C-alpha cells in the first residue's frame, strides 16, 4: 500500500475513561511510569499460548465428535432395522430392500418418525428443526456462538429417527450440527472469549464432517466459509487439528477407502473441460431453482392452519409415497452417489431416482423436520450431471466427455451453487473420491456454478432462512485496510505540545494566541528530548488558573493527573483502534520506538478515517 499523507487536523481527547484521576493536584508521573505502559502497546503476534490450549481442546473435540458420529450411525442402523425389518440390530441395512415385502405399509413408517420429531421439537428444542448448518450459523452471528446444550443430544437423536424411518437425508448435516453444539457447550463451560468459543464450535463441526466423510481439508474449508467467517491462524489451526483427529479416527474404525470410490479418471481434454465448466453454470441455475422451491414449500407449510409440530408428519407422507415408487430414495443412500459416479445405473433409473429424491427431500425438508442438505444435493447434482453428460456425449462425441466426470462435477457444482462454498465443494469431491484428474474440471464447474448462482440468487440455501429473520451473513472476506497502514503514516504531527518545566502562565498564553488550540481537549507534555511525560487536560488547565489552585509559575507537568496510554509509530492503525477501544480513548499519542520514545504525533478518529478511506481507494 502506498504511504498515506500526514494530516494537520485537530485531535480529540486522549484521556482514558478508565484512567485513575485525583481531585487535587498531582505530581507528574516519572518517565519510568510512562515506559511501564510499553507492554500494553506491543504489536500483537499472530499466535500466543492460548492457541496451544485451544488446539488441545480441539483435538479432544475431534475425538469426541468421532465417537458421536459412530454412535449416530449405529443409532440410524438400529432404527432402520427396527422400523423396516423388525430386528434390533446395529449393522447397516438399506430401507429400500424392505419395500418389496412391506408394500404400502412403507407409507406410515416415515410418518411415525416425523410425529416423534415434531414432539421433540415442540417439547424439547425447536433448534433441532431444519438443516443444521444454518442454525449453527445463526448462533455464531447472533448469540456469541452459544448453542443450548440440549441440542447436543436432541439433534442426533431426532436426525437418527428421521433417517432411520426413511427420511431422504444424509447423516453429515446432523453430525455437523451436533459437533458444533458440542464445541459450543465446551466453550460455555470453560473460560474462553467469544472468538475462541466460535473456534471451538467450528472445530466440532469440522470434526463431525471429517468423521463421516474422511475429508479433513474440505471440513476445514466449510468451517471457514460457513461458520468462522474469517481466515486467522489462531482459529484455523485448532479447526484443522480437530478435523485431522476425526479423520484419523475414521481410518481406525472404517478404513481408509474413500466413501465415494469410483473408477480411475483420465485427464480431460480442452473440449471436455469447456463442457464441464458450462455444466457448472447449469448447476448454478439448478441450485437457485432448488433453493427457491425448498423455501417456497416451507412458506406453504407456514400458511397451514395447524400447529407446526404436525408439519413433519405431512411432509413424511411424501417420503413414504416416493419410497414406495422409488425405494432407493429412502434413507441416507450413499450407495446411490457411488453408483452415479461409477456410471452404474441406466439413465432411466437415474432420472427416476433424482425426480423422486427431490420430491421427497424438498417437501420433507420444507416441512421443518430434522434433516440435512449435503447428501441429497450430492445425489441430485450427480444425477443431473450424469444425464447431461450422456446427452452431450451422444450429440458431440468429438468432445470426449467422460460421463463419470460430468457426474462428479454436477455433484460438487450443485452444492457450490446452493451454498456458495466454492472451495469446500471442489475439495470435498476430490477427497471423497481420491481422483486427482477430477480437480481441474471440479474447479471450473464449481466456479461457474458460484458465478451464476450469485448473479441470480441473493441468498443461499444455508442463509435464506436466517436472512428472513434479519440476520446478515458475511459473504466476502478481505484484508482489513487498517491492517495495511502504519500509525506513523497518518499520525497528526502538528498537535500542540508543551515542554516539561514550562510555566502554566506561558501555556495559557500560548493557548490563547493560537486560534486552533481550543480544538484540542488535551495536550501532550514532553521532556527536553521530546519524550512523552504525560498529557494534560485543557479544562483542568483553565480551571486551575481561574480558581487559583496553582501558581502560574508552576510547571505544566504538575497538572498531569493520569497514566498515559500510547502506541508506537511502527504499529498498524488496526492496533491503535483496538487500544483506543480497550481503554475508552478518543485518541492516542504516537511514540517513536527507535528514538527512545520521542513523541511523533497523535492519532485520532480523524486520522483513522483517512487511513480507512485510503485503504478503500487502494
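Numbering (the UniProt record's numbering), first residue to last: 1 to 618.
Cβ coordinates follow ideal geometry from the N, Cα and C atoms, glycine included.
Please read all numbers here as calculations on a predicted model, not as lab measurements.
query, result
"Every unbroken alpha helix (DSSP H) inside the segment 179-264 [4 residues or more]", "194-213, 216-223 and 233-254"
"8 Å Cβ cutoff met for residue 313 and residue 121", "no"
"Of the listed residues 417, 420, 429 and 416, nearest to residue 404 (C-alpha basis)", "429"
"Residue 445: first and last residue of the uninterrupted alpha helix (DSSP H) it sits in", "439-456"
"N- and C-terminal bounds of the beta strand (DSSP E) containing residue 587", "587-591"
"N- and C-terminal bounds of the beta strand (DSSP E) containing residue 535", "532-537"
"With 16 other Cβ atoms within 10 Å as the buried cut-off, status of residue 105", "exposed"
"Assigned secondary structure, residue 525 (DSSP; H/G/I helix, E/B strand, else coil)", "strand"
"For residue 603, the first and last residue of its enclosing beta strand (DSSP E)", "599-604"
"Helix, strand or coil at residue 344 [DSSP, three-state]", "coil"
"Span separating the alpha-carbon of residue 232 from that of residue 556", "46 Å"
"Per-residue burial, residue 253 [other beta carbons within 10 Å of its own, 16 or more giving buried]", "exposed"
"Close-in-space but distant-in-sequence residues of the same chain around residue 611 (CB under 8 Å, 5 per side omitted)", "4, 481, 482, 485, 489, 490 and 573"
"Euclidean distance between Cα positions of residue 567 and residue 599", "10 Å"
"Cα-Cα separation, residue 618 to residue 563", "37 Å"
"Residue 209 vs residue 462 beta-carbon contact at 8 Å", "no"
"Strand pairing of residue 492, partner residues [DSSP]", "602"
"Opening and closing residue of the alpha helix (DSSP H) in which residue 460 lies", "From DSSP, residue 460 is part of no alpha helix (DSSP H); its letter is neither H nor E."
"Pair within 8 Å by beta-carbon distance, residue 54 and residue 191", "no"
"Simplified DSSP assignment, three categories, for residue 291", "helix"
"Sequence-distant residues of the same chain with beta carbon closer than 8 Å to residue 258, five excluded per side", "214, 431, 432, 433 and 434"
"CB of residue 372 within 8 Å of CB of residue 174, strictly", "yes"
"Test item: CB-CB of residue 306 and residue 362 under 8 Å", "no"
"Rounded straight-line distance, which links the Cα of residue 534 to that of residue 178", "53 Å"
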